[in-house]
Amino acid sequence: MDRGAELELNVLMIIRDSMVPMGAGAIRRELERRGIFVSEATVGRLLVDLEILGMLRKDRNKGRKITDLGLKRLELLERDSVSRSMASNLVDSILSDERDRIMDLLEARRAVEQEVARLSAQRATEDQIRALWASVECMEEAVRRGNPVWEEDGRFHRMLAMASGNRLLVAVVELLRQNPFDARGLEMVRRLSGRLANSDHRSIMEAVERRDPHGAEMAMRRHIDNLVEDCRRLSSGLEEAKLP
Numbered sequence: 001m002d003r004g005a006e007l008e009l010n011v012l013m014i015i016r017d018s019m020v021p022m023g024a025g026a027i028r029r030e031l032e033r034r035g036i037f038v039s040e041a042t043v044g045r046l047l048v049d050l051e052i053l054g055m056l057r058k059d060r061n062k063g064r065k066i067t068d069l070g071l072k073r074l075e076l077l078e079r080d081s082v083s084r085s086m087a088s089n090l091v092d093s094i095l096s097d098e099r100d101r102i103m104d105l106l107e108a109r110r111a112v113e114q115e116v117a118r119l120s121a122q123r124a125t126e127d128q129i130r131a132l133w134a135s136v137e138c139m140e141e142a143v144r145r146g147n148p149v150w151e152e153d154g155r156f157h158r159m160l161a162m163a164s165g166n167r168l169l170v171a172v173v174e175l176l177r178q179n180p181f182d183a184r185g186l187e188m189v190r191r192l193s194g195r196l197a198n199s200d201h202r203s204i205m206e207a208v209e210r211r212d213p214h215g216a217e218m219a220m221r222r223h224i225d226n227l228v229e230d231c232r233r234l235s236s237g238l239e240e241a242k243l244p
């Protein structure tokens with residue numbers, strides 16, 4: 001959750017839990033008690049914005065109260081905060097306890113799926129290309145809606161392997177993707193890295209569609225490299241956070 005959303009969440013919580021209407025000064029002091037340090041002017045601007053959006057209402061000159069719309073917004077923010085906390089804990093577990101295995105998995109995927117992409121650019125049928133594009137669009141729509149994409153991501157890579165025309169590569173890709181826990185964990189890594197919405201799959205398909213084996217191979221390599229970099233960066237951040 002970014003700093004702006006975190007501030008909005010806490011301000012709405014403070015107003016909801018208060019027995020009386022609250023002004024910017026009282027809210028700033030309560031935020032400070034919670035370890036959030038912002039100016040009274042910043043709080044005041046947020047209160048005005050939330051009032052304009054219909055989430056707060058003025059109670060004469062006494063301060064502001066939360067509205068039904070504000071309560072719905074607060075529920076969404078609280079749900080998002082819990083989801084992100086759970087995701088962070090899972091990623092912490094994956095990257096702390098199984099970092100080497102995850103890196104080994106990604107290195108193997110990089111070697112295999114580069115060749116898959118190269119062969120698919122040469123051998124994919126028009127029907128397979130259309131199906132792969134539909135999968136890309138399905139993932140992009142899921143990202144826009146805030147829904148999980150890991151199942152469709154797995155489907156895309158399996159279909160790409162089928163399009164390579166090599167049965168052994170299909171079997172290896174299936175083997176490397178047989179653990180759904182890995183797929184969910186890697187999706188959370190990308191989500192926490194802010195790179196879930198990315199053009200990697202689209203770049204792969206553009207190269208496949210124009211029958212560019214080298215371009216498809218390099219696009220797949222960048223895709224896996226990005227995953228590796230996200231894992232390393234998050235892992236480093238977790239290690240630093242644990243230092244005294």
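Mapping of the sequence shown onto full-length UniProt numbering: position 29 corresponds to residue 29, and the numbering continues sequentially without gaps. In this text, a Cβ means the ideal position worked out from N, Cα and C, and glycines have one as well. Since we're looking at a predicted model, the values are computed, not measured.
Whole-angstrom distance between residue j and residue i, CA atom to CA atom
{"i": "residue 231", "j": "residue 162", "result": "28 Å"}
{"i": "residue 46", "j": "residue 4", "result": "9 Å"}
{"i": "residue 228", "j": "residue 187", "result": "12 Å"}
{"i": "residue 154", "j": "residue 16", "result": "42 Å"}
{"i": "residue 13", "j": "residue 190", "result": "29 Å"}
{"i": "residue 105", "j": "residue 221", "result": "14 Å"}
{"i": "residue 23", "j": "residue 78", "result": "22 Å"}
{"i": "residue 149", "j": "residue 211", "result": "26 Å"}
{"i": "residue 200", "j": "residue 52", "result": "39 Å"}
{"i": "residue 239", "j": "residue 182", "result": "Low confidence applies to residue 239: its pLDDT is 48, below 50, so where it sits in the model is not reliable enough to give any reading."}
{"i": "residue 109", "j": "residue 102", "result": "10 Å"}
{"i": "residue 226", "j": "residue 193", "result": "10 Å"}
{"i": "residue 58", "j": "residue 173", "result": "59 Å"}
{"i": "residue 160", "j": "residue 219", "result": "13 Å"}
{"i": "residue 142", "j": "residue 195", "result": "14 Å"}
{"i": "residue 179", "j": "residue 138", "result": "22 Å"}
{"i": "residue 152", "j": "residue 140", "result": "10 Å"}
{"i": "residue 91", "j": "residue 61", "result": "Its pLDDT being 49, under 50, residue 91 is placed unreliably in this model, and the coordinates cannot settle the point."}
{"i": "residue 20", "j": "residue 69", "result": "19 Å"}
{"i": "residue 215", "j": "residue 147", "result": "30 Å"}
{"i": "residue 128", "j": "residue 223", "result": "20 Å"}
{"i": "residue 11", "j": "residue 31", "result": "8 Å"}
{"i": "residue 244", "j": "residue 99", "result": "Any reading at residue 244 needs caution, since the residue's pLDDT is 45, under 50, leaving its predicted position unreliable; the model's value is listed next. The straight-line gap from Cα to Cα measures roughly 22 Å."}
{"i": "residue 39", "j": "residue 56", "result": "20 Å"}
{"i": "residue 166", "j": "residue 72", "result": "51 Å"}
{"i": "residue 241", "j": "residue 130", "result": "Confidence at residue 241 is low in this model, with a pLDDT of 43, below 50, so the placement of that residue should be treated as unreliable; the coordinate-derived value is given next. In a straight line, the C-alpha of residue 241 is about 45 Å away from that of residue 130."}
{"i": "residue 37", "j": "residue 135", "result": "45 Å"}
{"i": "residue 6", "j": "residue 107", "result": "36 Å"}
{"i": "residue 8", "j": "residue 126", "result": "49 Å"}
{"i": "residue 48", "j": "residue 35", "result": "23 Å"}
{"i": "residue 184", "j": "residue 76", "result": "22 Å"}
{"i": "residue 213", "j": "residue 198", "result": "21 Å"}
Nearest-angstrom Cβ-Cβ length linking residue i and residue j, presumed shorter than 8 Å
{"i": "residue 157", "j": "residue 144", "result": "21 Å between Cβ atoms; not a contact."}
{"i": "residue 116", "j": "residue 74", "result": "Not confirmed; about 46 Å, so no contact."}
{"i": "residue 111", "j": "residue 207", "result": "18 Å between Cβ atoms; not a contact."}
{"i": "residue 119", "j": "residue 205", "result": "Not a contact, Cβ separation roughly 15 Å."}
{"i": "residue 43", "j": "residue 64", "result": "11 Å between Cβ atoms; not a contact."}
{"i": "residue 202", "j": "residue 164", "result": "Not quite, the Cβ-Cβ distance comes to about 19 Å (not below 8 Å), so this is no contact."}
{"i": "residue 217", "j": "residue 114", "result": "5 Å"}
Residues bridged to residue i [DSSP beta-bridge criterion]
{"i": "residue 73", "result": "Its beta-bridge partners do not exist; DSSP assigns none."}
{"i": "residue 129", "result": "Per DSSP, none; premise fails for residue 129."}
{"i": "residue 57", "result": "65"}
{"i": "residue 22", "result": "64"}
Extent of the continuous alpha helix (DSSP H) to which residue i belongs
{"i": "residue 110", "result": "99-123"}
{"i": "residue 165", "result": "Where residue 165 is concerned, there is no enclosing alpha helix (DSSP H), given that its DSSP letter is neither H nor E."}
{"i": "residue 10", "result": "3-17"}
{"i": "residue 52", "result": "40-52"}
{"i": "residue 212", "result": "That residue, residue 212, is in no alpha helix (DSSP H); it is neither H nor E in DSSP."}
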